[in-house]
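> Quick note on this note's numbering: the first sequence kicks off at 2 and runs consecutively.
Quick reminder that beta carbons are idealized off the backbone N, C-alpha and C, glycines included.
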Amino acid sequence: MVKKIFIGTAWPYVNGDLHPGHLAGYLIPADIFSRYCRLKGYQVLMVSGTDCHGTPITLEADKMKISPSALVKKYHPKVLKLIETYDISYDLFTSTTNPVHKKITQQFFLKLLKNGFIRKKQTYQYFSNKENRFLPDRYVEGECKFCKSKDQRGDQCEVCGRSLNPGDLISPKSKLTGSEVILKKTEHYFLDYKKLEKEIYDFVFNSNHWREWVYKESLGFLKEGLQERAITRDLDWGIKIPIDQIPSKFLISDLNKKRFYVWFEAVIGYFSASVKWAKIKNKNWQDFWLDKACRHYYFMGKDNLIFHTIFWPGQLIGQRENYNLPYFPAVNHFLMLEGKKFSKSRGVIIDSLKISKEYTVDNVRFYIASILPETKDSDFKFQDFKQSVNNKLVDKIGNLIYRVLIFYKNNLKAKIDKNCLDNIVLNKIEQSSFAFQNNLEKVKIVDALNDVLNYVDFINQYLDKNQPWKLLNTDKDRCQEVIYSCLEAISFLRFMLWPFLPHSISRLNKMLNLDFKISEGKDLFIFEKTGTFKIKQPIKPLYSKIP
RNA sequence: CGCGGGGUGGUGGAGUAGGACCACGCGGGUCUCAUAAGCCCGAGACGCAGGUGCAAAUCCUGCCCCCGCAACCA
């Protein structure tokens with residue numbers, strides 16, 4: 002039976018350009034994993050899209066004096082361009098503004114309502130008369146009523162450390178315009194996580210194959226007990242509440258002025274994008290969401306952890322449809338830039354598109370893959386980048402491939418009489434392949450890349466020990482055997498490198514007149530001799546040094 | 001005492017009690033097929049202070065530093 006894999010990646014917010022933190026946090030690791038799965042012959046579905054709703058979008062749009070939808074139209078293509086440039090292999094990359102998503106979000110809500118997990122509740126929120134809108138706590142500042150510190154944000158006082166609720170600020174003002182802010186009564190729908198707590202706890206508790214810190218963090222969060230959580234906001238930008246379909250006893254006032262809260266809606270995108278993909282491609286989304294043999298992998302930064310291990314599973318459980326829950330949340334820490342957090346306002350920023358043009362996509366992919374923040378925050382340093390690419394990718398990997406191919410072409414006229422694979426090489430291929438797959442199955446991508454580098458080192462050492470350049474005059478048969486063994490080793494190397502470096506490995510395929518025959522059910526990591534090596538195109542180095 | 005993660009040679013990582021390991025960088029040597037590439041050898045580290053143990057990077061206590069979350073930022 003073909004293994005089924007669903008891959009969901011975090012939905013990038015469309016209020017700015019994507020920086021290398023997004024590449025390292027989910028785009029590149031998810032892509033490496035999905036390419037590996039495809040080579041293994043698994044049935045893969047990888048989806049995501051842009052997250053287009055929420056207050057930050059409306060605020061950014063206001064700042065630019067355009068409508069939220071105009072802002073989305075401006076940024077969505079830029080995100081798409083980046084994904085195409087880096088060749089992130091989504092089966093569908095959509096956005097939360099697509100109609101299928103709207104409809105499915107409303108259905109999710111209605112189902113939760115029907116199943117008794119939604120309740121209505123009155124709260125007080127900060128409201129700006131001048132701006133004529135409710136403001137999130139963090140956009141309001143005033144004096145902390147506990148310690149009397151001035152200019153504290155509405156969500157927390159940084160001086161005394163207390164969490165603040167609406168009303169805990171004295172003379173609150175809008176952080177955006179400085180205008181006065183009042184407390185206003187408003188009614189919202191809440192998702193009652195208390196009722197789902199037991200099932201969520203069982204789900205998390207039984208997931209002890211997760212990365213240890215992810216497991217502990219999720220359990221730690223549950224330890225404090227879940228509470229009901231608002232799923233609607235007083236906003237005019239977002240997905241509308243399906244008023245017509247709500248039983249009258251559940252209706253609340255001003256529903257036409259409310260929208261679904263983005264946290265509730267964005268994660269449903271994983272499901273709605275799958276449904277949309279199935280419609281477009283005429284496939285079954287049920288293969289991935291109802292077949293218990295399908296495993297769900299999610300890739301995201303650590304700021305998104307709780308949404309994927311607690312809240313989203315809760316939403317799925319509440320559907321009572323027996324949908325597949327996350328199998329493995331590949332949560333990454335953060336990528337820093339020269340020791341600092343990426344920050345547009347502080348100028349700590351690199352344009353991902355620009356560096357791909359300047360240094361090539363595969364160079365950037367290689368470096369980022371080598372420093373993925375899988376266990377703790379990691380650091381993008383330009384000096385490291387250059388060293389890493391020049392020494393590992395160019396000198397070790399690139400040079401190995403080049404020295405073997407050019408030797409084969411120049412000294413053996415690209416022809417081998419006897420296809421005899423050295424046992425020591427065969428053993429290494431099998432041993433590395435095993436270690437590599439073992440790591441990738443556990444989404445340990447940095448370790449898997451190290452397996453590849455270790456394999457390359459071995460082949461370089463093998464060449465030095467056997468010195469085919471000397472054998473050329475003393476023992477031609479052995480010389481052919483050594484070079485043939487290296488060619489087979491390189492041929493297999495293509496499979497291990499392609500997930501990391503799709504562009505250059507495609508070039509290598511062309512040089513060798515080979516291709517990947519990817520098909521569901523066919524495991525390309527089972528070693529098979531390539532047999533004969535034809536060289537049709539001029540041999541050129543795959544990589545060049547960064548000056 | 002809100003929850004959790006982290007601090008190991010210059011850099012990035014591995015290592016949950018008994019020889020501190022890997023890769024890059026650095027120093028030296030060597031080959032010459034190759035992109036001044038390859039290969040070999042070497043120097044160099046457990047955040048701080050206590051404690052338990054025959055033995056601590058690892059367990060305990062206190063402190064310092066970095067990061068995420070803390071339910072209205074997603």
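Taking the continuous alpha helix (DSSP H) assigned at Gly-315, which residues delimit it?
Taking the first sequence and counting its residues from 1, the one referred to as residue 315 is at position 314. From DSSP, the alpha helix (DSSP H) with Gly-315 extends over 313-319.
> Taking a contact to mean a Cβ-Cβ separation below 8 angstroms, would you say Ile-484 touches Val-405 in this structure?
Taking the first sequence and counting its residues from 1, one reaches residue 484 at position 483. Taking the first sequence and counting its residues from 1, one reaches residue 405 at position 404. Yes.
> If you follow the beta strand (DSSP E) that Met-301 is in, where does it begin and where does it stop?
Position 300 of the first sequence, counted from the start, is the residue given in the question as residue 301. Element bounds for Met-301: 295-302.
> Ignore the nearest five residues each way along the sequence and tell me which others in Phe-34's own chain have a CB closer than 8 angstroms to its CB.
Walking along the first sequence from the start, residue 34 turns up at place 33. Taken in chain order, the residues that qualify are Ile-8, Tyr-298, Phe-300, Ala-331, Leu-441, Val-444, Ile-446, Pro-500.
> Could you tell me if Arg-139 is buried or exposed, where buried requires 16 or more neighbouring beta carbons within 10 angstroms of its beta carbon?
For the purposes of this step, residue 139 is identified with residue 138 of the first sequence, where counting begins at 1. So Arg-139 counts as exposed.
> Would you tell me roughly how many angstroms separate the C-alpha atoms of Lys-258 and Lys-224, rounded to the nearest one?
As a position in the first sequence, residue 258 is number 257, starting the count at 1. As a position in the first sequence, residue 224 is number 223, starting the count at 1. The alpha-carbon atoms of Lys-258 and Lys-224 are separated by roughly 36 angstroms.
> By the DSSP assignment, the alpha helix (DSSP H) with Tyr-216 in it spans what residues?
For this step, residue 216 is matched to residue 215 along the first sequence. Where Tyr-216 is concerned, the enclosing alpha helix (DSSP H) stretches over 213-224.
> My assumption, with CB atoms under 8 angstroms, is that Ile-171 sits in contact with Glu-144. Please give the rounded CB distance.
The residue you call residue 171 lines up with position 170 of the first sequence. The residue you call residue 144 lines up with position 143 of the first sequence. 4 angstroms between Cβ atoms; contact.
> Given a cut-off of 8 angstroms on the beta-carbon distance, is the pair Tyr-190 and Thr-233 in contact?
The residue labelled residue 190 in the question sits at position 189 within the first sequence. The residue labelled residue 233 in the question sits at position 232 within the first sequence. In this structure, Thr-233 lies closer than 8 angstroms to Tyr-190 by Cβ.
> Tell me, please, whether the segment 274-291 touches the segment 48-66 by the rule of three or more beta-carbon pairs shorter than 8 angstroms.
The segment 274-291, when compared against the segment 48-66, does touch it at the 8 angstroms Cβ threshold.
> Within a Cβ cutoff of 7 angstroms, which residues of the same chain sit near Gln-481, ignoring the five residues on either side of it in sequence?
Looking up residue 481 in the first sequence gives position 480. Only Leu-413, Ile-417, Asp-418, Lys-419 meet the Cβ criterion.
> Should Asp-255 go down as buried or exposed, given a rule of 16 or more other Cβ atoms within 10 Å for buried?
The residue labelled residue 255 in the question sits at position 254 within the first sequence. Asp-255 should be labelled exposed.
> Tell me the rounded alpha-carbon separation between Arg-479 and Tyr-544.
Locating residue 479 in the first sequence gives position 478, where the first residue counts as 1. Locating residue 544 in the first sequence gives position 543, where the first residue counts as 1. Answer to the nearest angstrom: the Cα atoms are 30 angstroms apart.
> Got a sec? Which residues, its chain only, sit under 7 angstroms from Phe-222 by beta carbon, not counting five neighbours each side?
As a first step, residue 222 must be located in the first sequence, where it is residue number 221. Only Ile-307, Ile-311 meet the Cβ criterion.
> Buried or exposed: Lys-131, going by 16 or more other Cβ atoms within 10 Å of its Cβ?
Mapped onto the first sequence, residue 131 falls at position 130. Result: exposed.
> Is Ser-90 helix, strand or coil when you go by DSSP?
Locating residue 90 in the first sequence gives position 89, counting from the first residue. In the structure shown, Ser-90 sits in coil (DSSP, three-state: anything other than H, G, I, E or B).
> Between Phe-206 and Glu-218, what straight-line distance do the alpha-carbon atoms span, to the nearest angstrom?
Walking along the first sequence from the start, residue 206 turns up at place 205. Walking along the first sequence from the start, residue 218 turns up at place 217. Cα to Cα, the separation comes out at about 11 angstroms.
> Please specify which runs of the beta strand (DSSP E), each continuous and at least 3 residues long, are wholly inside the segment 9-53, giving them in chain order.
44-51
> Taking the alpha-carbon of Lys-377 as reference, which of Pro-503, Phe-367, His-334 has the nearest alpha-carbon?
Within the first sequence, numbered from 1, the residue matching residue 377 stands at position 376. Here the closest residue by C-alpha is His-334.
> Less than 7 angstroms between C-beta atoms, sequence neighbours within five positions excluded: which residues of the same chain meet that for Leu-488?
Residue mapping note: residue 488 aligns to position 487 of the first sequence, counting from 1. Excluding residues up to 5 positions away in sequence, Val-405, Tyr-409, Phe-534 lie with their Cβ nearer than 7 angstroms to the Cβ of Leu-488 in the same chain.
> Just to confirm, are Ile-6 and Arg-212 a CB contact at a threshold of 8 angstroms?
As a position in the first sequence, residue 6 is number 5, starting the count at 1. As a position in the first sequence, residue 212 is number 211, starting the count at 1. For Ile-6 and Arg-212, no; Cβs fall outside 8 angstroms.
> With a cut-off of 8 angstroms, do at least 3 Cβ pairs link the segment 79-94 to the segment 357-374?
Contact holds: three or more Cβ-Cβ distances are below 8 angstroms.
> Any chance you could list the beta strand (DSSP E) runs of at least 3 consecutive residues sitting entirely within the segment 52-126, in chain order?
Listed in chain order, the beta strand (DSSP E) runs fully inside the segment 52-126 are 93-96, counting runs of at least 3 residues.
> Give a yes or no on whether the C-beta atoms belonging to Leu-354 and Lys-186 are separated by under 8 angstroms.
Against the first sequence, residue 354 aligns to sequence position 353. Against the first sequence, residue 186 aligns to sequence position 185. Taking 8 angstroms as the Cβ cut-off, Leu-354 and Lys-186 do not qualify as a contacting pair.
> Please state whether the Cβ-Cβ distance between Tyr-262 and Leu-184 is less than 8 angstroms.
Looking up residue 262 in the first sequence gives position 261. Looking up residue 184 in the first sequence gives position 183. Contact: no.
> Going by DSSP, what residue range makes up the alpha helix (DSSP H) through Tyr-469?
Within the first sequence, the letter at position 468 stands for residue 469. Inspection of the sequence shows that residue 469 is occupied by Pro rather than by Tyr. Where Pro-469 is concerned, the enclosing alpha helix (DSSP H) stretches over 469-475.
> Go through its chain and collect everything with a Cβ distance to Lys-397's Cβ below 8 angstroms, but skip five positions before and after it.
As a working mapping, residue 397 is identified with position 396 in the first sequence. Taken in chain order, the residues that qualify are Leu-454, Val-457, Asp-458, Asn-461.
> Between which two residues does the alpha helix (DSSP H) containing Glu-322 stretch?
Position 321 of the first sequence, counted from the first residue, corresponds to residue 322. Run containing Glu-322: none; DSSP gives neither H nor E here.
> Exposed or buried, which one is Lys-41 when buried takes at least 16 other CB atoms within 10 Å?
Taking the first sequence and counting its residues from 1, one reaches residue 41 at position 40. In this structure Lys-41 is buried. Its beta-carbon is surrounded by 16 or more other beta-carbon atoms within 10 angstroms.
> Please name the residue in Phe-118, Ile-244, Gln-388, Val-268 whose C-alpha comes closest to that of Tyr-360.
By 1-based counting over the first sequence, the position of residue 360 is 359. Checked all of Phe-118, Ile-244, Gln-388, Val-268; the closest Cα to Tyr-360 is Gln-388.
> What residues in its chain sit with their C-beta under 7 angstroms from that of Pro-69, if we drop five residues either side in the sequence?
Position 68 of the first sequence, counting from 1, holds the residue named residue 69. Closer than 7 angstroms at Cβ, skipping near neighbours: Ile-58, Thr-59, Ala-62, Trp-238.
> Label Thr-178 either buried or exposed according to how many other C-beta atoms from any shown protein chain fall within 10 Å of its C-beta, with 16 as the threshold for buried.
In the first sequence, the residue the question calls residue 178 occupies position 177. Exposed: under 16 other Cβ atoms inside 10 Å.
> Can you name the start and end residues of the beta strand (DSSP E) that Asn-333 belongs to?
Against the first sequence, residue 333 aligns to sequence position 332. Where Asn-333 is concerned, the enclosing beta strand (DSSP E) stretches over 329-333.
> Please name the residue in Gly-17, Ile-372, Asp-203 whose C-alpha comes closest to that of Cys-53.
Working through the first sequence from its first residue, we reach residue 53 at position 52. Of the listed residues, the one whose Cα sits closest to Cys-53 is Gly-17.
> What's the C-alpha gap between Thr-475 and Glu-529?
Here residue 475 is taken as the residue at index 474 of the first sequence, counted from 1. Here residue 529 is taken as the residue at index 528 of the first sequence, counted from 1. So the alpha carbons of these two residues sit roughly 30 angstroms apart.
> Based on the DSSP output, what are the partners of Thr-233 in its beta bridges?
Residue mapping note: residue 233 aligns to position 232 of the first sequence, counting from 1. For Thr-233, which the question treats as bridged, DSSP gives the partners Phe-261.
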